[in-house]
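Enquirer: First, the structure itself, so that you have it in front of you.
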Amino acid sequence: MRYCLAIDIGASSGRHIVGWMENGRMQTEEVYRFANGVRREKGHLVWDVETLFREVKEGIAAAKARFATIASLSIDTWGVDYVLLKGDREVLPVYAYRDGRTEAVVSLVHRRMPFSELYRRTGCQFQSFNSLYQLYADKISGRLDGITGLLMLPEYLLWKLCGAQVREYTNATTTGLVSTCTGEYDNGILEAMDFPRQLFPKLSRPGKVLGEYEGIKCVLCATHDTASAVEGIPMEGNQPYLSSGTWSLLGVKTSRPLTGESSQKGNWSNEGGVGYNRYQKNIMGMWLVNQLRKELCNGLGFAEIVQAAQQSDCDVSVDANAPGFLAPESMKDAFDAATGGALKDVGGYFRCAFRSLAQCYGQALQELEINTGRSFEKLYVVGGGAKNVWLNRLTQEATGKTVIALPIEATALGNLKIQMEAVQ
Ligand code: ADP
Ligand code: LRH
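Heads up, the sequence shown is in UniProt numbering, so the first residue is 1 and it goes up one at a time.
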């Protein structure tokens, strides 16, 4: 039996999942899980990459203890964030995308190249945390001086394991710097921003064998977690997907990027997939719920939270994608401000969050049909959020589509699929 190990690290937790083929079907077993989250350091939100790397190695050890031979491994994480290198040393801190340091530079970036031109070139949605803005903040603070390398987080962790430095295509498309025409970093943008060209070498496609760690082959998967998730959904035909975790990503595979006016207006993103384009939208997702949970009822299980939400009779909703929810000091205060203080009980906050998310999904699906000129029957939901049966019902009502909820680790499945194809 050939065992492969997917290391899938999300913004709220990481997991090691071993997969193998048996009677033509992929089998999986979770061997390790760890908590993840941002840390506040000197007024900034940062990732603790040292701990992340330690957890990666702990999980590999757990996999080896359970399955004596692991043939290969690969790592995917959230997009956008990166590690700067000086020679072989990482430059700390590694900023987390919710940190506010980019707010002041958005207009400076757009002065160098208007957003409409950036969008025409890359098809990448506007998010104030895209790597483009983070890098510009680095540039004007002098942080890019003397930098010799830039690796996105999964590339960094793979490099630490096997010593190979590569830049992977699907994750690069989250930076806001990749051309939809060439599938490589866009020279025009790099020049306009005056970014050092040597930090942006040629991109590698998923499927490459990079090297070894303790006798295990290190493979490059679709290192953007959402790209792996889309690749891992067992879908009949080409229907829309909702990858429901810390973020909710709603979209559909298309053969080419769609960068027209309505796509830009609706802030639709064109990101790289494994042989297709991911036309999708970022929706604030379970971040809202997780932050409310920490503040209002830490320790309460998701089943109890959903029950409290169902029992509340408060039917107020908000625009779940409003910037005020991205990184508020207090999520409760953010909901109070958005609802004019209308939420009276704990269940009410969660009810408002779930109903507002479902409304966003409904709106996004309508836009998706208009912008692609297609009509869809189904919506496939994967990720931790797919376990929320009540939210799935609200989503079905709001979208008018048959919701197919798959409470599976689609991201790990996509990660494993690429490994199995790469290492025969
Ligand atoms: P990420 O990869 O971004 O960390 P996941 O896909 O692992 O996200 O989803 C985790 C989220 O799913 C949790 O933070 C939680 O909000 C939600 N979730 C997990 N389990 C349940 C459950 N049983 N019921 C409802 N929601 C759940
Ligand atoms: C989901 C995700 C999403 C990105 C965000 C930063 O985990 O990768 O696709 O936009 O994190």
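C-beta atoms are modelled at their ideal positions from N, C-alpha and C, and glycine is treated no differently.
Rounding to the nearest angstrom, what Cα-Cα distance links valine 289 and glycine 301 in this structure?
Expert: Walking along the sequence shown from the start, residue 289 turns up at place 289. Walking along the sequence shown from the start, residue 301 turns up at place 301. One C-alpha to the other measures close to 12 Å.
Enquirer: If you follow the beta strand (DSSP E) that leucine 343 is in, where does it begin and where does it stop?
Expert: The residue labelled residue 343 in the question sits at position 343 within the sequence shown. Leucine 343 -> no beta strand (DSSP E), and no H or E assigned at all.
Enquirer: Check whether the region 32-46 and the region 89-96 are in contact - that is, three or more C-beta pairs closer than 8 Å.
Expert: With the cut-off at 8 Å, the region 32-46 and the region 89-96 touch.
Enquirer: Does the beta-carbon of arginine 197 have 16 or more other beta-carbons within 10 angstroms, so that it is buried, or is it exposed?
Expert: On the sequence shown, position 197 is the one that residue 197 refers to. So arginine 197 ends up on the exposed side.
Enquirer: Going straight from the alpha carbon of isoleucine 233 to that of glutamate 29, what length do you get?
Expert: Residue mapping note: residue 233 aligns to position 233 of the sequence shown, counting from 1. Residue mapping note: residue 29 aligns to position 29 of the sequence shown, counting from 1. Answer to the nearest angstrom: the Cα atoms are 17 Å apart.
Enquirer: Name the DSSP bridge partner or partners of serine 72?
Expert: Stepping through the sequence shown from its first residue, residue 72 is reached at position 72. DSSP lists Cys4 and Lys217 as partners of serine 72.
Enquirer: Please state whether DSSP places arginine 278 in a helix, a strand or coil.
Expert: The sequence position of residue 278 within the sequence shown is 278, counting from 1. Strand.
Enquirer: For valine 105 versus tyrosine 82, is the C-beta distance shorter than 8 Å?
Expert: As a first step, residue 105 must be located in the sequence shown, where it is residue number 105. As a first step, residue 82 must be located in the sequence shown, where it is residue number 82. For valine 105 and tyrosine 82, no; Cβs fall outside 8 Å.
Enquirer: Check whether the Cβ atoms of glutamine 125 and asparagine 282 sit closer than 8 Å, and answer yes or no.
Expert: As a first step, residue 125 must be located in the sequence shown, where it is residue number 125. As a first step, residue 282 must be located in the sequence shown, where it is residue number 282. Yes, Cβ-Cβ distance for glutamine 125 and asparagine 282 is below 8 Å.
Enquirer: DSSP three-state label for phenylalanine 34, please.
Expert: For the purposes of this step, residue 34 is taken as the residue at position 34 of the sequence shown. It is a strand residue.
Enquirer: Where does isoleucine 305 fall in DSSP's three states?
Expert: Counting from one through the sequence shown, the residue named residue 305 turns up at place 305. DSSP places isoleucine 305 in helix when its eight states are reduced to three.
Enquirer: Taking the straight line between their C-alpha atoms, what separation do you get for glycine 59 and serine 317?
Expert: As a working mapping, residue 59 is identified with position 59 in the sequence shown. As a working mapping, residue 317 is identified with position 317 in the sequence shown. Distance between the alpha carbons of glycine 59 and serine 317: 40 Å.
Enquirer: From asparagine 171 to glycine 400, what does the alpha carbon distance come to, in whole angstroms?
Expert: The count along the sequence shown starts at 1 and reaches residue 171 at position 171. The count along the sequence shown starts at 1 and reaches residue 400 at position 400. So the alpha carbons of these two residues sit roughly 32 Å apart.
Enquirer: Which ranges does the alpha helix (DSSP H) cover as unbroken runs of at least 4 residues, wholly within the region 335-403, from first to last along the chain?
Expert: With a minimum length of 4 residues, the continuous alpha helix (DSSP H) runs that stay inside the region 335-403 are 346-372 and 389-399.
Enquirer: Starting from arginine 89, trace the beta strand (DSSP E) in both directions and tell me its first and last residue.
Expert: Against the sequence shown, residue 89 aligns to sequence position 89. Counting along the chain, the beta strand (DSSP E) containing arginine 89 begins and ends at 89-91.
Enquirer: Can you tell which of Val18, Gly384, Phe354 and Val230 has its C-alpha closest to the C-alpha of tyrosine 276?
Expert: For the purposes of this step, residue 276 is taken as the residue at position 276 of the sequence shown. Selected option, being the one with the closest Cα: Val230.
Enquirer: Threonine 254 lies in the beta strand (DSSP E); which residues open and close that run?
Expert: Within the sequence shown, residue 254 is the residue found at index 254, counting from 1. Note, threonine 254: beta strand (DSSP E), 248-254.
Enquirer: Can you look up tyrosine 97 in the DSSP assignment and give me helix, strand or coil?
Expert: By 1-based counting over the sequence shown, the position of residue 97 is 97. Correct three-state label for tyrosine 97: coil.
Enquirer: Closer than 7 Å: is that where the CB of phenylalanine 302 sits relative to any heavy atom of the ligand FAD?
Expert: Absent from the structure shown: the ligand FAD. Ligands present: the ligand ADP and the ligand LRH.
Enquirer: Taking buried to mean at least 16 other C-beta atoms within 10 Å of its own C-beta, is isoleucine 70 buried or exposed?
Expert: As a first step, residue 70 must be located in the sequence shown, where it is residue number 70. Counting Cβ neighbours within 10 Å, isoleucine 70 comes out buried, since at least 16 surround it.
Enquirer: Which residues in the same chain as aspartate 138 place their Cβ atom closer than 6 Å to its Cβ, once the five residues preceding and following it in sequence are excluded?
Expert: Residue numbering aside, residue 138 sits at position 138 when the sequence shown is read from its first letter. Excluding residues within five positions, the ones whose Cβ falls inside 6 Å are Leu144.
Enquirer: Would arginine 54 and arginine 33 be called neighbours here (beta carbons separated by less than 8 Å)?
Expert: Along the sequence shown, read from residue 1 onward, the residue named residue 54 stands at position 54. Along the sequence shown, read from residue 1 onward, the residue named residue 33 stands at position 33. Against a cut-off of 8 Å, the Cβ pair of arginine 33 and arginine 54 comes out as no contact.
Enquirer: Tell whether a beta-carbon distance below 8 Å holds between lysine 122 and glycine 176.
Expert: Residue numbering aside, residue 122 sits at position 122 when the sequence shown is read from its first letter. Residue numbering aside, residue 176 sits at position 176 when the sequence shown is read from its first letter. Reading the sequence as shown, one finds threonine at residue 122 and not lysine. Yes, the pair counts as a contact, with Cβ atoms nearer than the cut-off.
Enquirer: Report the start-end ranges of each alpha helix (DSSP H) in the region 108-185 that is 4 residues or longer and not cut off at the edges.
Expert: Correct list: 115-122, 131-141, 153-162 and 169-172.
Enquirer: Considering only the alpha carbon of each residue, which of Pro114, Ser74, Thr51 and Ile17 lies closest to glutamate 421?
Expert: For the purposes of this step, residue 421 is identified with residue 421 of the sequence shown, where counting begins at 1. Closest by alpha carbon: Ser74.
Enquirer: For a quick check, are the C-beta atoms of leucine 258 and tryptophan 268 less than 8 Å apart?
Expert: Sequence index remark: in the sequence shown, residue 258 carries index 258 (1-based). Sequence index remark: in the sequence shown, residue 268 carries index 268 (1-based). Yes.
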